[in-house]
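The structure appears below as structure tokens.
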Amino acid sequence: MKYKANKINRIHEHPTALSLLKSSLPYNNMIRDIGYDRLFLHYWSSTEINSYRLYAKNHKLPTISIDATGGLVQKPTLISGRQTSNTFLYQIGVRDTKNKYQFSVGHMLSERHDNNSIAYWLTEWLRNDISPPKVIVTDQSLALMIAAVKTFIQYSNLIKYISICSSLIQK
7 MKYKANKINR IHEHPTALSL LKSSLPYNNM IRDIGYDRLF LHYWSSTEIN
57 SYRLYAKNHK LPTISIDATG GLVQKPTLIS GRQTSNTFLY QIGVRDTKNK
107 YQFSVGHMLS ERHDNNSIAY WLTEWLRNDI SPPKVIVTDQ SLALMIAAVK
157 TFIQYSNLIK YISICSSLIQ K
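For the sequence shown, position 143 matches number 149 in the numbering used here, and the numbering has no gaps at all.
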């Protein structure tokens, strides 16, 4: 029943409907980048960006958490006939312990789960004239950790960053 109700409200059956959404209100201010084959979508609202700016301005150690989950997105079939592989939802979240609330500030749906794709998304998010976070929390996903180092840290790779951190701890 719910599926049929949701189906009526769809603009189009096909993944190219994202392009239609990108050019219509209110999505034209949220959808930032779309890739078709391999499927990806970067999106965030100006409210999310402004919330992060305010949070970063009022905290000495602005902290973000980055995580991904699968199983939320159906595998669409592309015009070519290829069915997409697992599409993950990636999210940048903020937990404001001072004001006791949490909110999301950036999202990506992606069929690619490699560090280059994740770093590209994070870099595009940073281009919104925001202060980079001082603390980045991820799980033990190697792709997430490498992407975070590439995007937010001054070191060229994860091994170099871990080595520097290790030497600081040993002193």
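Don't be surprised by glycine CBs; every beta carbon is placed ideally from N, CA and C. All values derive from a computational prediction rather than experimental measurement.
Take every Cβ of the region 104–116, pair it with every Cβ of the region 82–90, and state whether three or more of those distances are shorter than 8 Å. no
So what's Val79 in DSSP terms, helix, strand or just coil? In the structure shown, Val79 sits in coil (DSSP, three-state: anything other than H, G, I, E or B).
Under a CB-based cut-off of 7 Å, is Asp73 close to chain D? Protein chain content of the structure displayed is limited to a single chain, and chain D is not contained in it.
Same chain, Cβ closer than 8 Å to Thr69, neighbours up to 5 away in sequence not counted: Cβ within range, chain order: Val100, Arg101, Pro139, Lys140, Val141, Ile142 and Val143.
Quick one: what does DSSP say Arg101 is sitting in, helix, strand or coil? strand
Put Gln146 into one of helix, strand or coil per three-state DSSP. coil
When DSSP builds the beta bridges, which residues end up paired with Phe94? Ser116
Tell whether a beta-carbon distance below 7 Å holds between Ile136 and Tyr61. no
Spatial neighbours of Val155 within its chain, please: CB distance less than 8 Å, with the 5 preceding and 5 following residues excluded, ordered by chain position. Tyr161, Asn163, Leu164 and Tyr167, listed in sequence order.
Going by the CB atoms, is the gap between Thr93 and Leu115 shorter than 7 Å? In contact: Leu115 and Thr93 (Cβ atoms closer than 7 Å).
Every unbroken alpha helix (DSSP H) inside the region 40–73 [4 residues or more]: 52–63
Three-state secondary structure (DSSP) at Met7? The predicted model places Met7 with a pLDDT of 49, which falls under 50 and marks its position as unreliable, so this point remains unresolved.
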